[in-house]
Each structure stands twice: as structure tokens, then as C-alpha cells.
Amino acid sequence: MQLTERLAHGLDAPICLTWELTYGCNLACVHCLSSSGRRDPRELSTAELFAVVDELAAMQVFYVNIGGGEPTLRPDFWELLDYCVAKRVGVKFSTNGSRISPGVARRLASTDYVDVQISIDGADAATNDAIRGPGSFAVATDAMRNLADAGFTGFKVSVVVTRHNVDQLDDFAALAASYDAQLRLTRLRPSGRGADVWDELHVTNEQQRTLYHWLLDHPDVLTGDSFFHLSALGESLPGLNLCGAGRVVCLIDPVGDVYACPFVLHDQFKAGSVRDSGGFTRVWRESALFTELREPDSAGACASCGSYDACRGGCMAAKFFTGLPLDGPDPECVHGHGEAALLAASGAGRPLVGAGHTRSGPVPVSIGRRPS
Amino acid sequence: MRYALHPQVGIRPERFGALAYHYGNRRLTFLGDDKLLAVVRTAHDYDDIDAAFTAADVPPAQWPAYRRALDRLVAAEVVTCS
Numbered sequence: 001m002q003l004t005e006r007l008a009h010g011l012d013a014p015i016c017l018t019w020e021l022t023y024g025c026n027l028a029c030v031h032c033l034s035s036s037g038r039r040d041p042r043e044l045s046t047a048e049l050f051a052v053v054d055e056l057a058a059m060q061v062f063y064v065n066i067g068g069g070e071p072t073l074r075p076d077f078w079e080l081l082d083y084c085v086a087k088r089v090g091v092k093f094s095t096n097g098s099r100i101s102p103g104v105a106r107r108l109a110s111t112d113y114v115d116v117q118i119s120i121d122g123a124d125a126a127t128n129d130a131i132r133g134p135g136s137f138a139v140a141t142d143a144m145r146n147l148a149d150a151g152f153t154g155f156k157v158s159v160v161v162t163r164h165n166v167d168q169l170d171d172f173a174a175l176a177a178s179y180d181a182q183l184r185l186t187r188l189r190p191s192g193r194g195a196d197v198w199d200e201l202h203v204t205n206e207q208q209r210t211l212y213h214w215l216l217d218h219p220d221v222l223t224g225d226s227f228f229h230l231s232a233l234g235e236s237l238p239g240l241n242l243c244g245a246g247r248v249v250c251l252i253d254p255v256g257d258v259y260a261c262p263f264v265l266h267d268q269f270k271a272g273s274v275r276d277s278g279g280f281t282r283v284w285r286e287s288a289l290f291t292e293l294r295e296p297d298s299a300g301a302c303a304s305c306g307s308y309d310a311c312r313g314g315c316m317a318a319k320f321f322t323g324l325p326l327d328g329p330d331p332e333c334v335h336g337h338g339e340a341a342l343l344a345a346s347g348a349g350r351p352l353v354g355a356g357h358t359r360s361g362p363v364p365v366s367i368g369r370r371p372s
Numbered sequence: 373m374r375y376a377l378h379p380q381v382g383i384r385p386e387r388f389g390a391l392a393y394h395y396g397n398r399r400l401t402f403l404g405d406d407k408l409l410a411v412v413r414t415a416h417d418y419d420d421i422d423a424a425f426t427a428a429d430v431p432p433a434q435w436p437a438y439r440r441a442l443d444r445l446v447a448a449e450v451v452t453c454s
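Taken in sequence, the protein lines are chains H and Z.
Residue numbers for the first sequence follow this note's numbering, so the first one is 1 and each next one is one higher.
Residue numbers for the second sequence follow this note's numbering, so the first one is 373 and each next one is one higher.
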């Protein structure tokens with residue numbers, strides 16, 4: 001049996017677990033997957049966070065991807081980081097950089113168990129700040145400078161590829177290299193607030209071809225395996241070319257709800273809660289949703305397409321939030337089948353999505369910096 | 373030559389072989405079968421890797437393939453060789 005098939009049946013514990021610690025955020029990015037802004041009063045307590053780490057350690061989850069919201073806004077964030085390290089659960093956390101002072105950077109550089117991912121969405125301030133808010137590029141690059149100065153090599157610079165930054169791929173690579181960091185590119189999903197901007201920001205089919213060839217030419221660039229739908233253009237991209245939702249990945253949200261992947265924060269893909277009896281372990285191993293997701297996929301409308309083995313029908317979340325059937329083409333199908341399906345559906349099947357934890361009223365534009 | 377699991381690597385058994393994760397370079401490696409997993413886990417006990425193969429019930433005809441697999445794991449920094 002091929003490895004991909006083995007993974008399709010699921011694992012005893014996730015390989016890649018995303019854990020969003022808070023819905024609070026000091027930015028208001030237009031494409032935020034989790035519609036973050038305000039903290040939720042029901043967010044897990046420090047003791048509950050520690051109990052989750054204990055479970056992850058027992059399940060031998062090697063590392064977690066911590067995000068939010070802006071995870072460093074939680075007052076107990078640094079304590080949680082120390083607890084994970086003590087339990088030998090590695091952490092990679094995503095941040096906008098606003099709390100990565102020189103002192104914090106030195107502390108982070110001192111352990112192998114912590115990796116940092118700084119998000120930017122443009123290789124210059126104008127392109128980035130249009131998505132992430134005024135001043136956010138300067139804050140992110142200050143954080144990168146602090147990490148580099150502290151000797152933290154190989155941290156990640158993470159970019160969501162959009163119609164407006166896809167021409168800057170070489171610039172992103174150069175920027176990451178200048179800080180001795182690693183570039184990571186991921187796909188824009190129509191999830192959270194991303195649903196509102198997806199039509200304008202998602203890359204065109206022609207841009208997808210350029211991106212595909214650029215990725216093949218730059219195999220060291222990380223992607224979180226998020227562009228596997230592009231494998232239908234010919235050669236497979238490196239990594240797992242399969243939707244890993246509920247099979248190798250899942251998401252724990254700030255209130256402890258467990259979803260099939262970081263891009264489907266919707267009731268239909270909620271498998272349970274870490275607060276349920278049996279905790280996260282039981283949700284991962286026994287929930288009805290995850291059991292169902294580990295069944296063989298049906299190719300559905302894609303069955304007659306010669307590329308199905310390469311792209312496996314693409315991303316479940318992208319289909320769901322654009323109102324397409326899950327057993328059909330991805331909205332960004334490289335052969336154009338998704339576009340045709342979108343036109344036919346004309347948005348009728350799009351799920352209702354609320355504003356989530358988005359702040360109402362004017363968005364704060366200044367980002368607090370903690371002195372080092 | 374003595375082989376051993378790299379000190380920065382964690383191993384997690386799965387229904388097929390195992391997953392290995394290197395906390396330094398943060399790479400994930402798959403070990404495709406249980407015998408290879410047994411060899412990796414016990415290699416440090418043996419001066420001669422053939423003895424580890426014997427102990428893990430690897431048929432002698434497959435030893436060359438297992439040596440190549442071990443070399444790949446050394447290159448991937450899952451296993452050390454000294």
C-alpha cells in the first residue's frame with residue numbers, strides 16, 4: 001500500500017495539529033480564516049490548555065501549530081510554551097510579530113522545540129498593509145530582524161498567495177533569505193472573512209500555472225502541502241497530495257471545539273470538543289465525523305477527469321465555502337471545471353457564515369509593541 | 373560502525389511502521405515497516421548491525437536492502453552512525 005493510501009485511513013494521532021489559542025487579535029486581516037478580533041469569554045483556561053498538552057504528549061503528537069487570533073496576546077502564552085517544551089511537544093507558532101521584541105527573540109532562539117512563523121501578505125508595505133492593516137509590514141519585518149539578530153535561523157516567513165502578491169514570489173524568497181528564514185506559501189481559502197474577499201483576491205488560473213512552475217523550481221519553499229490541487233497540471237508537488245482533514249490534520253479552536261481542518265470552522269465540520277469526556281483523544285479516534293472522513297473519497301463529478309488521481313478533487317474547505325458539492329471539482333480546478341460549477345451554482349449553495357469574532361466599528365490601526 | 377537513533381528524534385509507532393520526527397531540523401520521516409523500526413530502536417545495542425538484523429528477524433537476503441534503508445535514515449538524520 002502506498003503511503004498516501006495509508007495516511008488516508010487516518011493515524012492514531014494527528015501529524016499536524018493546529019491549535020488556535022484565542023480569537024483575540026490586534027490586527028483585522030481581510031482574509032482571516034477564523035474571523036478573529038475579539039477574545040471569546042469561553043476560551044480555554046490555562047489549566048484546560050495544560051490538560052490538552054498532557055493529552056498531546058501522551059498521544060506522542062510531535063508538534064503543534066499554534067495560532068489564533070494573535071496567540072501571544074494571551075497572558076499565559078509564554079507559560080504554555082514552556083509547558084509544551086517541558087512535555088516535549090514541539091511548537092510552531094504563527095504571529096504577526098507585534099510581541100517579538102529583541103528579548104523575546106533571544107528567549108525563543110534558545111530552544112529547538114519552538115519555531116516561529118511570521119505572517120506577511122506582501123513583499124512591500126503597500127501590498128501587505130492593504131491586506132493586514134497599516135503598519136503591519138513594519139511590525140512583521142522588525143520581528144524578523146529581532147529573530148535574525150538573536151541568531152534564530154530558519155524561522156518561517158508565511159505568505160498567503162493572492163492575486164496581488166503572486167508576482168512577488170522572488171521578492172518573498174529574497175526577503176526570507178535576507179533574515180536567514182524559510183519561506184512558506186499557502187493557499188487563500190474562502191474561509192472566515194476570506195469568504196468576503198475570495199472572489200477578488202484568489203489567484204487567476206493563469207497565475208496558478210506560474211505559481212505551479214515556480215514551486216517546482218523552488219522545492220525548498222514550504223507550502224503546508226496546500227497547493228496539491230495544482231498537481232493536476234502534471235508533475236506532483238512535493239508533500240502529501242491529499243486532503244488531510246480528519247486524517248492527518250485537525251484544528252482545536254480557542255473554546256476547545258475540534259474541527260476537521262484549520263479552514264473549516266463551521267458546525268458541519270465540528271467533530272467534538274476537548275471539554276467532552278474522553279477529551280481530544282476520543283474526538284480524534286472515535287468521532288463520527290473523523291471516522292467518515294477516513295473512508296475512501298468518492299470522485300463524484302470528477303470521476304471522468306484524468307487528473308483526479310493527481311489532485312484528488314482538491315480542497316474540501318474551498319468547495320464548501322464557495323457552495324460547491326464536496327464530491328466535485330475544487331473552485332480553483334486548474335482545468336476550469338470549478339469555474340464552470342461556480343457559474344452554474346451562482347453562489348446558491350454557499351453556507352451562511354456570520355461575522356465570527358470580528359470587531360465591530362473601526363479597526364485599530366496601531367499595534368502595541370512591548371519594550372524589550 | 374555503530375548505529376543509533378538520533379538523540380533529537382522522536383518515534384511514534386503507527387499501524388504501518390512508524391513516524392519519526394527530528395526536533396532540530398523539523399523533518400518528518402516515515403519508517404515503512406515494523407522490522408526496520410525494531411532495527412532502528414535496538415541498533416545502539418549492537419557493535420555489528422548484522423546482529424541487530426538477526427535479532428529483528430530480518431531475513432539475510434534482505435540485509436542489503438535494510439543497509440540501504442539505514443543509510444537513507446542516516447542521511448535524513450533520523451539515525452546516527454559512528
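Quick reminder that beta carbons are idealized off the backbone N, C-alpha and C, glycines included.
message: Suppose you measure from the CA of residue 28/H to the CA of residue 227/H; what does that come to, to the nearest Å?
response: One-based indexing of the first sequence puts residue 28/H at position 28. One-based indexing of the first sequence puts residue 227/H at position 227. When rounded, the distance between both Cα atoms is 25 angstroms.
- prompt: Got a sec: which bits of the stretch 57-70 of chain H sit with their beta carbon under 8 angstroms from any beta carbon on chain Z, in order along the chain?
  reply: From the stretch 57-70 of chain H, only 60, 62 and 63 have a Cβ closer than 8 angstroms to chain Z.
message: Considering only DSSP beta bridges, list what residue 391/H is partnered with.
response: This structure does not reach residue 391/H, given that chain H is present from 1 up to 372, and the question cannot be answered.
- prompt: Using 8 angstroms as the threshold, is the stretch 19-28 of chain H in touch with the stretch 248-262 of chain H, meaning 3 or more CB pairs across them?
  reply: With the cut-off at 8 angstroms, the stretch 19-28 of chain H and the stretch 248-262 of chain H touch.
query: At least one CB of chain C closer than 7 angstroms to the CB of residue 6/H: is that the case?
result: The structure shown contains no chain C; its protein chains are H and Z.
Segments assigned alpha helix (DSSP H), at least 4 residues, entirely inside the stretch 416-442 of chain Z: Counting only runs of 4 or more residues that sit fully inside the stretch 416-442 of chain Z, the alpha helix (DSSP H) segments are 421-427, in chain order.
query: Taking a cut of 8 angstroms between CB atoms, which residues from the stretch 111-131 of chain H lie near chain Z?
result: Correct list: 112, 113 and 115.
message: Under 9 angstroms, CB to CB, which of the residues in the stretch 80-109 of chain H have a partner in chain Z?
response: Against chain Z - using a Cβ distance shorter than 9 angstroms - the residues of the stretch 80-109 of chain H are 88, 90 and 92.
query: Quick check: the stretch 300-320 of chain H against the stretch 232-247 of chain H, are there 3 or more CB pairs under 8 angstroms?
result: The stretch 300-320 of chain H is in contact with the stretch 232-247 of chain H.
- prompt: Is the beta carbon of residue 147/H sitting closer than 7 angstroms to the one on residue 105/H?
  reply: In the first sequence, residue 147/H corresponds to position 147, counting from 1. In the first sequence, residue 105/H corresponds to position 105, counting from 1. Yes, they are a contact pair.
- prompt: Residues bridged to residue 400/Z by DSSP?
  reply: By one-based count along the second sequence, residue 400/Z stands at place 28. DSSP output for residue 400/Z lists 393/Z as bridge partner(s).
- prompt: For residue 204/H, which three-state DSSP category applies?
  reply: Translated into positions along the first sequence, residue 204/H becomes position 204. For residue 204/H, the three-state secondary structure derived from DSSP is coil.
- prompt: Shorter than 7 angstroms from the beta carbon of residue 372/H to some beta carbon of chain Z?
  reply: On the first sequence, residue 372/H is found 372 positions in, with the first residue counted as 1. Low confidence applies to residue 372/H: its pLDDT is 48, below 50, so where it sits in the model is not reliable enough to give any reading.
- prompt: What residue range is occupied by the uninterrupted beta strand (DSSP E) comprising residue 311/H?
  reply: Here residue 311/H refers to the residue found at position 311 when the first sequence is read from its first residue. From DSSP, residue 311/H is part of no beta strand (DSSP E) but of the alpha helix (DSSP H) over 308-311.
message: Checking the sheet assignment: what are the DSSP bridge partners for residue 250/H?
response: If you number the first sequence from 1, residue 250/H lands on position 250. Bridge partners of residue 250/H: 17/H.
is_contact[residue 486/Z, chain H] using C-beta, thresh 7 angstroms: Given that chain Z is displayed from residue 373 to residue 454, the structure contains no residue 486/Z and the question cannot be resolved.
Coarse secondary structure for residue 364/H, derived from DSSP in three states: For the purposes of this step, residue 364/H is identified with residue 364 of the first sequence, where counting begins at 1. For residue 364/H, the predicted model reports a pLDDT of 49, less than 50, meaning its position is unreliable; a value from the coordinates is still stated below. Coil, per DSSP.
- prompt: When burial is assigned at 16 or more other CB atoms within 10 Å of the CB, is residue 402/Z buried or exposed?
  reply: The sequence position of residue 402/Z within the second sequence is 30, counting from 1. Residue 402/Z comes out exposed.
- prompt: Does at least one heavy atom of the ligand HEM sit under 6 angstroms from the Cβ of residue 304/H?
  reply: As for the ligand HEM, it is missing from this structure, which has no ligand bound.
field: Best match in 85/H, 159/H, 212/H and 234/H for proximity to residue 119/H [C-alpha to C-alpha]
entry: Position 119 of the first sequence, counted from the start, is the residue given in the question as residue 119/H. If we check each option's Cα against that of residue 119/H, 159/H comes out closest.
message: Quick check on the DSSP output: what are the complete alpha helix (DSSP H) runs of length 4 or more inside the stretch 158-200 of chain H, in order along the chain?
response: The stretch 158-200 of chain H contains these whole alpha helix (DSSP H) runs: 169-178.
- prompt: Near residue 352/H, which residues of its chain fall below 7 angstroms by C-beta distance, leaving aside the five closest residues on each side in sequence?
  reply: Within the first sequence, the letter at position 352 stands for residue 352/H. Here the set comprises nothing.
query: For residue 453/Z, which residues does DSSP report across the bridge?
result: As a first step, residue 453/Z must be located in the second sequence, where it is residue number 81. DSSP output for residue 453/Z lists 375/Z as bridge partner(s).
- request: Would you decide whether residue 211/H is buried or exposed? Buried here means 16 or more other CB atoms lie within 10 Å of its CB.
  value: Here residue 211/H refers to the residue found at position 211 of the first sequence. Buried, by the Cβ-count rule.
- prompt: Going by Cα to Cα distance, which pick from 450/Z, 447/Z and 435/Z is closest to residue 422/Z?
  reply: In the second sequence, residue 422/Z corresponds to position 50, counting from 1. Minimum Cα distance to residue 422/Z is reached at 435/Z.
query: By how many angstroms is the C-alpha of residue 133/H removed from the C-alpha of residue 390/Z?
result: Residue numbering aside, residue 390/Z sits at position 18 when the second sequence is read from its first letter. Residue numbering aside, residue 133/H sits at position 133 when the first sequence is read from its first letter. The alpha-carbon atoms of residue 390/Z and residue 133/H are separated by roughly 44 angstroms.
query: Start and end of the beta strand (DSSP E) containing residue 23/H?
result: Your numbering for residue 23/H matches position 23 in the first sequence. Careful: residue 23/H lies outside any beta strand (DSSP E) and carries neither H nor E.
- prompt: Per DSSP, what kind of secondary structure is residue 45/H in: helix, strand or coil?
  reply: Indexing the first sequence from 1 puts residue 45/H at position 45. Here residue 45/H sits in coil by DSSP.
- request: Taking residue 143/H as part of the alpha helix (DSSP H), name the residues at either end of that continuous run.
  value: Within the first sequence, residue 143/H is the residue found at index 143, counting from 1. Segment 136-149, the alpha helix (DSSP H) holding residue 143/H.
field: Whether residue 224/H touches residue 165/H by CB criterion (7 angstroms)
entry: In the first sequence, counting from the first residue as 1, residue 224/H sits at position 224. In the first sequence, counting from the first residue as 1, residue 165/H sits at position 165. With a cutoff of 7 angstroms on beta-carbon distance, residue 224/H and residue 165/H are scored as not near each other.
task: Return the first residue and the last residue of the alpha helix (DSSP H) that residue 63/H is part of.
output: For this step, residue 63/H is matched to residue 63 along the first sequence. Annotation for residue 63/H: no alpha helix (DSSP H) segment contains it, though the beta strand (DSSP E) segment containing it runs 63-67.
- prompt: What are the start and end residues of each continuous beta strand (DSSP E) run of 3 or more residues lying completely inside the stretch 208-258 of chain H, in chain order?
  reply: Within the stretch 208-258 of chain H, the complete beta strand (DSSP E) segments of 3 residues or longer fall at 249-252, listed in chain order.
field: Partner residues on chain Z for residue 11/H, Cβ-Cβ distance less than 9 angstroms
entry: Translated into the one-based positions of the first sequence, residue 11/H becomes position 11. Simply 384, 386, 387 and 391.
query: What does residue 400/Z touch in chain H if you count any residue whose Cβ is under 7 angstroms from its own?
result: Counting from 1 along the second sequence, the entry for residue 400/Z is found at position 28. Those within 7 angstroms of residue 400/Z in chain H are 15.
- prompt: Secondary structure at residue 95/H, three-state DSSP: helix, strand or coil?
  reply: By 1-based counting over the first sequence, the position of residue 95/H is 95. Here residue 95/H sits in strand by DSSP.
- request: Count the other C-beta atoms from every protein chain shown that fall within 10 angstroms of the C-beta of residue 182/H, then say buried if there are 16 or more, exposed otherwise.
  value: Within the first sequence, residue 182/H is the residue found at index 182, counting from 1. Buried, since its Cβ has 16 or more Cβ neighbours within 10 Å.
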